[in-house]
Amino acid sequence: MEHRPSPTHLQRHGHLALPVALVSVATVLSLAFLGPSGFVAGLWAGTADFASLAPRIMAAVILAAVMQAWLPREGLGKWFGEGRGVRGLAIASAAGAVTVGGPFASFPLVAALAAAGVEAGLLIAFLTGWSLIGIQRIIIWEWPLMGSDFVVLRLASCITLPVLAGLLMRRLSRR
1 MEHRPSPTHL QRHGHLALPV ALVSVATVLS LAFLGPSGFV AGLWAGTADF ASLAPRIMAA
61 VILAAVMQAW LPREGLGKWF GEGRGVRGLA IASAAGAVTV GGPFASFPLV AALAAAGVEA
121 GLLIAFLTGW SLIGIQRIII WEWPLMGSDF VVLRLASCIT LPVLAGLLMR RLSRR
């Protein structure tokens, strides 16, 4: 008798299809181009990378769960509730810009905000502000290495993009 996954199984694990496909393609390509010894070397390197990332991933998942429990849903509504308009998007963009840390800090926060009912446009504005503006990155890396002219020009070219991304998300999510 053939086993067919239930719709619930597909809903819970469907997000794994792309990573599994990419790993399969990478396996075939590395075997074809590097041979078995190159594949094994890559496998060991990947295992070492996974071992160094696994604790961070576990910490991020735990952090997201804790933040979901701690975030006051009614308090979030004041700043990130429905109908906040462009001002809400600007606040979310600024909050993203000043959020310290990499994806292991910001994505659990965004997951917690989403679970608390924050609308998708605000989440997109937050993430776009975090990724494009990132005040900590400017202070630590860009300004010292690239200089003030570069920083000012880069910020001038992308300062409005988080709000625009949030507006676009709102428009697309209405469809």
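First residue of the sequence shown: 1, per the UniProt record's numbering; consecutive thereafter. Positions of the beta carbon are idealized from the N, C-alpha and C atoms, including for glycine. Since the structure is predicted, the reported quantities are computational estimates derived from the model, not experimental observations.
1. Please determine if the stretch 115-126 and the stretch 164-172 are in contact, where contact requires at least 3 C-beta pairs separated by less than 8 Å.
2. Under the three-state reduction of DSSP, which class applies to residue 100: helix, strand or coil?
3. Could you please give the first and the last residue of the uninterrupted alpha helix (DSSP H) stretch that includes residue 130?
4. Within 8 Å, do at least three Cβ pairs link the stretch 136-149 to the stretch 104-115?
5. Please classify residue 183: does DSSP put it in a helix, a strand, or coil?
6. Reducing DSSP to helix, strand and coil, say where residue 189 ends up.
7. Identify whether residue 27 lies in helix, strand or coil by the three-state DSSP scheme.
8. Got a sec, what are the start and stop residues for the alpha helix (DSSP H) residue 116 sits in?
9. Does the stretch 149-160 come into contact with the stretch 107-119, if we say contact requires no fewer than three beta-carbon pairs (one atom in each stretch) closer than 8 Å?
10. Considering just the uninterrupted stretch of the alpha helix (DSSP H) at residue 154, what are its terminal residues?
Looking at the coordinates:
1. yes
2. coil
3. 120-132
4. no
5. Any answer about residue 183 is impossible in this case: the structure gives the chain only from 1 up to 175.
6. Here the chain comprises residues numbered 1 to 175, so residue 189 is not present and cannot be evaluated.
7. helix
8. Looking at the DSSP string, residue 116 is not in any alpha helix (DSSP H), and its letter there is neither H nor E.
9. no
10. 148-158
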